[in-house]
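Number of protein chains: 2
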Amino acid sequence: MALAKTIPGASPRMVERLSLYRRVLQQTSAAGSHSTYSHELAAACRVSAVQVRRDLMTVGYSGSTKSGYEIKPLLVAMDTFLGNTGPVDVALVGVGHLGRAVLAFLCWRHPRFVPVAFDRDTRLTERVLDGVHCLPVEQMADTIQEQQIRIAVVCVPATEAQRVSEQLVAAGVRGILNFAPVTLFLPSYVFIENIDISVALEKVAFFTG
Amino acid sequence: MALAKTIPGASPRMVERLSLYRRVLQQTSAAGSHSTYSHELAAACRVSAVQVRRDLMTVGYSGSTKSGYEIKPLLVAMDTFLGNTGPVDVALVGVGHLGRAVLAFLCWRHPRFVPVAFDRDTRLTERVLDGVHCLPVEQMADTIQEQQIRIAVVCVPATEAQRVSEQLVAAGVRGILNFAPVTLFLPSYVFIENIDISVALEKVAFFTG
DNA sequence: TTTTGTGAATCGATTCACAGCG
DNA sequence: CGCTGTGAATCGATTCACAAAA
Numbered sequence: 000m001a002l003a004k005t006i007p008g009a010s011p012r013m014v015e016r017l018s019l020y021r022r023v024l025q026q027t028s029a030a031g032s033h034s035t036y037s038h039e040l041a042a043a044c045r046v047s048a049v050q051v052r053r054d055l056m057t058v059g060y061s062g063s064t065k066s067g068y069e070i071k072p073l074l075v076a077m078d079t080f081l082g083n084t085g086p087v088d089v090a091l092v093g094v095g096h097l098g099r100a101v102l103a104f105l106c107w108r109h110p111r112f113v114p115v116a117f118d119r120d121t122r123l124t125e126r127v128l129d130g131v132h133c134l135p136v137e138q139m140a141d142t143i144q145e146q147q148i149r150i151a152v153v154c155v156p157a158t159e160a161q162r163v164s165e166q167l168v169a170a171g172v173r174g175i176l177n178f179a180p181v182t183l184f185l186p187s188y189v190f191i192e193n194i195d196i197s198v199a200l201e202k203v204a205f206f207t208g
Numbered sequence: 000m001a002l003a004k005t006i007p008g009a010s011p012r013m014v015e016r017l018s019l020y021r022r023v024l025q026q027t028s029a030a031g032s033h034s035t036y037s038h039e040l041a042a043a044c045r046v047s048a049v050q051v052r053r054d055l056m057t058v059g060y061s062g063s064t065k066s067g068y069e070i071k072p073l074l075v076a077m078d079t080f081l082g083n084t085g086p087v088d089v090a091l092v093g094v095g096h097l098g099r100a101v102l103a104f105l106c107w108r109h110p111r112f113v114p115v116a117f118d119r120d121t122r123l124t125e126r127v128l129d130g131v132h133c134l135p136v137e138q139m140a141d142t143i144q145e146q147q148i149r150i151a152v153v154c155v156p157a158t159e160a161q162r163v164s165e166q167l168v169a170a171g172v173r174g175i176l177n178f179a180p181v182t183l184f185l186p187s188y189v190f191i192e193n194i195d196i197s198v199a200l201e202k203v204a205f206f207t208g
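For the record, the sequence lines run as chains P and G.
Going by numbering that gives the first Met the number 0, the residue at position 66 of the first sequence is 65; the numbering climbs one at a time, nothing skipped.
Going by numbering that gives the first Met the number 0, the residue at position 200 of the second sequence is 199; the numbering climbs one at a time, nothing skipped.
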């Protein structure tokens with residue numbers, strides 16, 4: 000039971016799956032369940048049961064052969080592994096439709112991430128959107144430095160993305176979720192995750208045949 | 000020179016890269032270049048030069064050792080490989096902030112995909128958004144059948160996604176780009192691509208450390 | 001019998017290393 | 001030389017197969 004093995008290996012793919020597992024487990028837990036089996040979790044996430052067991056092994060949580068995994072402590076173990084201890088401030092740049100969609104996502108589903116929004120458009124700034132204050136970009140660098148924000152979401156047009164990202168990194172940001180359809184060139188110590196809607200749709204079109 | 004080899008293997012990952020290559024090549028071409036080297040394309044997409052050569056090999060286009068790859072015919076070869084012959088109709092369900100962001104993406108950058116939008120909210124329907132007509136959901140099934148639409152983008156809330164997807168599939172859709180943070184359960188002949196914003200941000204948070 | 005935990009095998013994707021060419 | 005094309009090697013992720021437990 001719970002023999003942590005201080006594993007170094009955590010691939011991006013695995014972190015994605017863990018994130019999925021957690022969401023499902025939270026729902027299962029809210030629905031009143033107390034424990035679950037690897038094959039149940041697997042079915043709910045469309046992965047194999049072995050995969051689930053491997054991942055949970057990496058997390059360092061062990062189940063029992065009788066009732067599978069206890070959901071509550073498993074969630075704790077996953078949070079510990081993923082480093083989800085406290086709330087995390089997130090800078091969100093660009094409050095157009097996409098930016099507001101992301102804001103809504105964060106505020107509704109993810110109380111863990113606390114966004115601070117920035118935009119160039121003065122009609123948007125100094126307003127409260129989805130319960131989040133929106134500040135003018137001029138205050139971006141200072142705010143990020145003061146609040147020690149390390150994570151940012153880039154929702155600005157493609158033409159602005161590189162410049163904005165450089166400003167973010169200069170202010171102290173070390174991880175970026177980029178929605179702009181461009182390759183960002185930033186120091187290697189910055190983690191970049193790209194979400195490219197055009198590419199994703201292209202993929203669907205290809206494999207739909 | 001361009002000895003097509005009728006390759007079966009095209010992994011999702013590779014299709015993503017090809018899509019990236021094409022975007023870069025279009026820009027390079029528009030900037031006046033006539034040819035490019037694998038290492039240039041590689042640098043612009045943050046992949047290795049060998050990877051680029053392998054991918055282009057799969058596409059079936061050969062370059063020359065002197066001037067690398069000719070951009071124009073390479074783009075043609077890629078389009079042929081990806082099956083990008085004519086315009087493709089796409090059903091977009093849910094025209095909230097996210098839906099409108101996707102619409103804007105498609106209309107601005109991707110004249111190839113022709114969207115038809117649907118929403119439950121009658122204040123949105125019968126209006127033109129980003130140059131696209133928005134119809135009430137009641138007309139969704141009929142429109143999809145009539146226009147033979149095979150691809151859809153799901154931008155509805157998580158609670159609606161499963162039901163809406165089933166309707167889409169029943170109407171003839173065979174590929175779905177899903178933004179809702181839920182696992183869709185659909186027949187195996189339906190290709191599903193999930194974009195999960197929460198999961199992506201979770202990943203950034205983890206690897207930012 | 002069902003389920004977890006896991007070494008070993010497999011599968012797939014990427015890189016290495018080098019041949020061929022201009 | 002530098003560049004493309006590619007067999008072979010490598011690396012990583014997933015699955016197989018089975019031991020242990022209840």
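Yeah, the Cβ is synthetic: ideal placement off N, Cα and C, and Gly gets one too.
Quantities reported herein were computed from a predicted structural model and do not represent experimental measurements.
Asked                                                                                                                              : Found
Beta-carbon spacing of residue 152 of chain P, residue 176 of chain P below 7 Å                                                    : yes
Terminal residues of the alpha helix (DSSP H) in which residue 96 of chain G lies                                                  : 96-108
is_contact[residue 69 of chain P, chain G] using C-beta, thresh 7 Å                                                                : no
Interface residues of chain G facing residue 117 of chain P [CB-CB closer than 7 Å]                                                : Going along chain G, no residue has its Cβ under 7 Å from residue 117 of chain P, so there is no contact; the nearest lies around 17 Å.
Beta carbon of residue 110 of chain G nearer than 7 Å to that of residue 91 of chain G                                             : no
Cβ pair residue 73 of chain G, residue 60 of chain G closer than 7 Å                                                               : yes
Three-way DSSP call (helix, strand, coil) for residue 157 of chain G in this model                                                 : helix
Simplified DSSP assignment, three categories, for residue 63 of chain G                                                            : strand
Contact with chain P by residue 37 of chain G, beta-carbon distance below 7 Å                                                      : no
Minimum Cβ-Cβ distance from residue 80 of chain P to chain G less than 7 Å                                                         : no
Sufficient close CB pairs (3 or more, under 8 Å) joining the segment 172-192 of chain P to the segment 201-208 of chain G          : yes
Whether residue 129 of chain G touches residue 103 of chain G by CB criterion (7 Å)                                                : yes
Partners in chain P for residue 209 of chain G, counting only beta-carbon separations shorter than 9 Å                             : Nothing in the structure corresponds to residue 209 of chain G, since chain G is present only between 0 and 208.
CB contact flag (residue 48 of chain G, residue 41 of chain G, <7 Å)                                                               : yes
C-beta neighbour in chain P for residue 177 of chain G, strict 7 Å                                                                 : no
Counted within 10 angstroms of its Cβ, other Cβ atoms place residue 180 of chain G as buried (16 or more) or exposed               : buried
Own chain partners of residue 143 of chain P with C-beta closer than 6 Å, once the 5 adjacent residues on each side are dropped    : 90, 170, 171
Cβ-based contacts, 7 Å cut-off: residues of the segment 39-51 of chain P near chain G                                              : 43, 44, 45
Close-in-space but distant-in-sequence residues of the same chain around residue 147 of chain G (CB under 8 Å, 5 per side omitted) : 88, 171
Among P:160, P:112, P:86, nearest to residue 119 of chain P - alpha-carbon criterion                                               : P:160
DSSP-derived helix/strand/coil call for residue 190 of chain G                                                                     : strand
Three-state secondary structure assigned by DSSP to residue 184 of chain G                                                         : coil
Classification of residue 76 of chain P by the beta-carbon crowding that lies within 10 angstroms, buried from 16 upward           : buried
CB contact below 7 Å: residue 14 of chain G versus chain P                                                                         : yes
Short CB-CB distance (under 7 Å) between residue 29 of chain G and chain P                                                         : no
Reduced DSSP category for residue 208 of chain G - H, G, I as helix; E, B as strand; rest coil                                     : coil
For residue 33 of chain G, the three-state DSSP class (helix, strand or coil)                                                      : coil
Cβ-Cβ distance between residue 168 of chain P and residue 185 of chain P below 7 Å                                                 : yes
Strand pairing of residue 69 of chain P, partner residues [DSSP]                                                                   : P:34
Where the beta strand (DSSP E) through residue 53 of chain G begins and ends                                                       : Where residue 53 of chain G is concerned, there is no enclosing beta strand (DSSP E), although the alpha helix (DSSP H) it sits in stretches over 48-58.
Beta-carbon neighbours of residue 126 of chain G, restricted to chain P and to distances below 9 Å                                 : By Cβ distance, chain P contributes nothing, its closest Cβ being about 15 Å from residue 126 of chain G, past 9 Å.
Exposed unless 16 or more other CB atoms sit within 10 angstroms - verdict on residue 192 of chain P                               : buried
Which of helix, strand or coil DSSP assigns to residue 168 of chain G                                                              : helix
Complete alpha helix (DSSP H) runs within the segment 128-152 of chain P (minimum length 4 residues, chain order)                  : 139-146
Contact with chain P by residue 198 of chain G, beta-carbon distance below 7 Å                                                     : yes
Neighbour-count burial assignment, residue 208 of chain G, 16 or more Cβ in a 10 Å radius                                          : exposed
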